[in-house]
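With the working numbering as the guide, the letters of the sequence shown map in order to residues 96 to 142.
Heads up, the beta-carbon is just placed ideally off N, CA and C, and yes, glycines get one too.
Following: one structure in structure tokens, then a few remarks.
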Amino acid sequence: HEAISIIEDSELDNNTIVKELRKGYISHKRVIRPTLVEISKNNGEIK
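As structure tokens, this is what we get:
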């Protein structure tokens with residue numbers, strides 16, 4: 096996958112996939128198009 100957007104959220108761990116923005120494709124064990132995703136960034140607050 097390829098992260099193209101980051102959302103700050105103290106409830107989620109760092110680098111958790113929040114949303115799939117574009118589906119990726121694999122053919123014969125090769126990535127044809129990577130999945131584009133939005134990931135979380137924990138801003139350090141206590142849960």
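Whole angstroms are fine: how far does the CA of K124 sit from the CA of E97? 17 Å
Chain-order list of residues whose beta-carbon lies under 7 Å from that of N138 (same chain, five-residue window excluded): E103 and S105
Neighbour-count burial assignment, V126, 16 or more Cβ in a 10 Å radius: exposed
Residues bridged to S135 [DSSP beta-bridge criterion]: I102
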